[in-house]
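Q: The end of the sequence shown is residue 302 by numbering that gives the first Met the number 0, with every number in the run present. From the three backbone atoms N, C-alpha and C, an ideal C-beta is built for every residue, glycine too. What you are looking at is a predicted structure, and each value in this text was computed from that prediction instead of being measured.
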Amino acid sequence: MASDYFSRPARILITGANGQVGRELVGQAGADVFFDVIGLARRQLDITDTAKVRQQLEQHQPDYVINCAAFNRADAAQKQREHCMRLNAEAVQQLAIACAELDIPLIHLSTDYVFDGHYASGYRENDAVRPLGVYGESKWQGEELLRRAHARHIILRVSWVFSGSGHNFLIRTLEQARTEAELVSVDDRRGCPTAAADVARVVLAIVKQLKCGADAWGTYHYCGAEITTRYAFSEAIIATASQYEALKVERLMPVASINFPTEAERPASSVLKCTKLLSTFGIRQRPWRGELVALVRQLYERF
Ligand SMILES: NC(=O)c1ccc[n+]([C@@H]2O[C@H](COP(=O)([O-])OP(=O)(O)OC[C@H]3O[C@@H](n4cnc5c(N)ncnc54)[C@H](OP(=O)(O)O)[C@@H]3O)[C@@H](O)[C@H]2O)c1
Numbered sequence: 000m001a002s003d004y005f006s007r008p009a010r011i012l013i014t015g016a017n018g019q020v021g022r023e024l025v026g027q028a029g030a031d032v033f034f035d036v037i038g039l040a041r042r043q044l045d046i047t048d049t050a051k052v053r054q055q056l057e058q059h060q061p062d063y064v065i066n067c068a069a070f071n072r073a074d075a076a077q078k079q080r081e082h083c084m085r086l087n088a089e090a091v092q093q094l095a096i097a098c099a100e101l102d103i104p105l106i107h108l109s110t111d112y113v114f115d116g117h118y119a120s121g122y123r124e125n126d127a128v129r130p131l132g133v134y135g136e137s138k139w140q141g142e143e144l145l146r147r148a149h150a151r152h153i154i155l156r157v158s159w160v161f162s163g164s165g166h167n168f169l170i171r172t173l174e175q176a177r178t179e180a181e182l183v184s185v186d187d188r189r190g191c192p193t194a195a196a197d198v199a200r201v202v203l204a205i206v207k208q209l210k211c212g213a214d215a216w217g218t219y220h221y222c223g224a225e226i227t228t229r230y231a232f233s234e235a236i237i238a239t240a241s242q243y244e245a246l247k248v249e250r251l252m253p254v255a256s257i258n259f260p261t262e263a264e265r266p267a268s269s270v271l272k273c274t275k276l277l278s279t280f281g282i283r284q285r286p287w288r289g290e291l292v293a294l295v296r297q298l299y300e301r302f
C-alpha cells in the first residue's frame, strides 16, 4: 500500500459506468472530494475482454474496482444463456482474478433473483439460494466464482433497481401511463424497490469505511425500506407523476402473476433483510417512496 494511501482520494474504477447504478456512482463520487473516479462504459471497457481488463487495471491503478457491468434482462437471459453466463459469471471471475493478482479490492453487485422467493419473511445473506432462471443462476455463479478467486471482495445484493434512465420499472410504467388508459400490474409479487442513487450512496459509504480500515469483506444485502408489490409500486409511480402531468391512464388493475406469464419465472417474495449491513457498516435503509418522489420531481424538472 503506497505511503500516501490515506491522504489522497480513493481512486475507484467503475465498470458498466453507463448503466443505472454506474451513472449514479460516477455522478455521486465525482462530486465527492474523497474519490477520484474512473468511469468506464462498455465501449471503453468490455469486461469479457480479459486482456483489456488487465491492461486498464494496470494503467489506472485503482484502489477499488466497482463492477456495475451486467446482463440484467431476466426474460432475454432465458434465450441468451451463453452470453448471460459469459458476462455475469465468467467475466466476473476473470475480473476477480485480475483484481486479486493486483491486490485491488472488488465491489460487485448481485441480485435478489438468486433466491426462489418462497421465504416470505425475507432473506438473509446466508440463506439457501435457488435461482429460478438463467439470469439469477448466472449472478449466483458469478458470486461463487468471485468468492473463490478473491478474498478482498464485497458482494452487495440489491433488488428492484429504478432510476430516471435505462430499462426499469419506473420508466416503463411512466411510458405506459402516458399512452394507455388501462394498465395492469402484478399484485402477488413482493419485494423492495431500490433507487439506483441509493445503491450508489451505499456502495460509496462502504468504500469509505474500507479505505478507513474496515476489515469487513463478504456478502451483504441492501434494498429500499418498505415491502411492497409491483401493483402498489405502480400505484405510487402513477400518483407521484400525476402531480406533474395529466396522464392518460384511468385505471390500474391488479393481476395475479399466473395470469401474466413471462419468459423467466420470478421470485414471489424477494425481500432482502439488511441487518448485516446495518450492524457492520451502520448503513440504514432509506424508504424507496422518498427516493421515488425526489426522482420523479427531477425527471419533470428536466422536461
Ligand atoms: N436493475 C435491477 O432491477 C437490478 C436488481 C437487482 C440487482 N441488479 C444488479 O445491479 C447491477 C447494476 O444493475 P443496473 O440496473 O445498473 O444495470 P444496467 O442499467 O443494465 O447497467 C449494466 C451496464 O452494463 C453494461 N454492460 C453490458 N455488457 C457489458 C460488457 N460486456 N462490458 C462492460 N459493460 C457491459 C451495459 O452497457 P450498455 O448500456 O452498453 O448495454 C450497462 O451500461 C447489476 O449487477 C445487476 O445484476 C440490478
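#1: Ends of the alpha helix (DSSP H) at Thr239?
#2: How about the stretch 170-186 and the stretch 34-49: do they share at least three Cβ pairs that are nearer than 8 Å?
#3: Should Arg296 be labelled buried (16 or more other beta-carbon atoms within 10 Å of its own) or exposed?
#4: Less than 7 Å between the CB of Val20 and some heavy atom of ligand 1, yes or no?
#5: For His152, write down the residues that DSSP places opposite it in a beta bridge.
#6: For Phe70, is the classification buried or exposed, using 16 other Cβ atoms within 10 angstroms of its Cβ as the cut-off for buried?
#7: Whose C-beta lies closer than 8 Å to the C-beta of Leu209 among residues of the same chain, with five residues either side of it excluded?
#8: Assuming Arg229 contacts Arg188 under a Cβ cut-off of 8 Å, what Cβ separation, rounded to an integer in Å, is found between them?
#9: Would the beta-carbon of Leu170 be found less than 7 Å away from any heavy atom of ligand 1?
#10: What first and last residue would you give for the beta strand (DSSP E) that runs through His82?
#11: Alpha carbons only, please: which of Leu203, Ala76, Arg72 is nearest the one belonging to Ala9?
#12: By Cβ distance, which residues of its chain are closer than 7 Å to Gly163, with the 5 residues on each side in sequence left out?
#13: Nearest-angstrom Cα distance between Gln175 and Leu271?
#14: Closest Cβ-Cβ distance between Glu143 and chain B: below 8 Å?
A: Let me lay it out:
#1: On the sequence shown, residue 239 is found 240 positions in, with the first residue counted as 1. Secondary structure note for Thr239: its alpha helix (DSSP H) is the uninterrupted segment 229-241.
#2: The answer is no - the stretch 34-49 does not touch the stretch 170-186, with fewer than three Cβ pairs under 8 Å.
#3: For the purposes of this step, residue 296 is taken as residue 297 along the sequence shown, with counting starting at 1. Classification for Arg296: exposed.
#4: As a position in the sequence shown, residue 20 is number 21, starting the count at 1. The answer is yes for Val20.
#5: Position 153 of the sequence shown, counted from the first residue, corresponds to residue 152. His152 pairs with Leu105.
#6: Residue 70 sits at position 71 when you count from the first residue of the sequence shown. Buried.
#7: Along the sequence shown, read from residue 1 onward, the residue named residue 209 stands at position 210. Cβ-Cβ distances below 8 Å link Leu209 to Tyr63, Pro104, Ile153, Ala215 in the same chain, with the five nearest sequence neighbours on each side left out; the list follows chain order.
#8: Here residue 229 corresponds to residue number 230 of the sequence shown, with the count starting at 1. Here residue 188 corresponds to residue number 189 of the sequence shown, with the count starting at 1. Indeed, because the Cβ distance is near 5 Å, the residues count as touching under 8 Å.
#9: By 1-based counting over the sequence shown, the position of residue 170 is 171. Looking at the sequence itself, residue 170 is Ile, so the reference to Leu does not match. Ile170: no, Cβ never under 7 Å from ligand 1.
#10: The residue you call residue 82 lines up with position 83 of the sequence shown. Premise fails: His82 lies in the alpha helix (DSSP H), 80-84, not in any beta strand (DSSP E).
#11: Against the sequence shown, residue 9 aligns to sequence position 10. Looking at Leu203, Ala76, Arg72, the one whose alpha-carbon comes closest to that of Ala9 is Leu203.
#12: The residue you call residue 163 lines up with position 164 of the sequence shown. If we look at Gly163 and ignore the five residues flanking it on each side, its Cβ neighbours are Leu294, Gln297, Leu298.
#13: On the sequence shown, residue 175 is found 176 positions in, with the first residue counted as 1. On the sequence shown, residue 271 is found 272 positions in, with the first residue counted as 1. About 28 Å.
#14: Absent from the structure: chain B. Only one protein chain is present.
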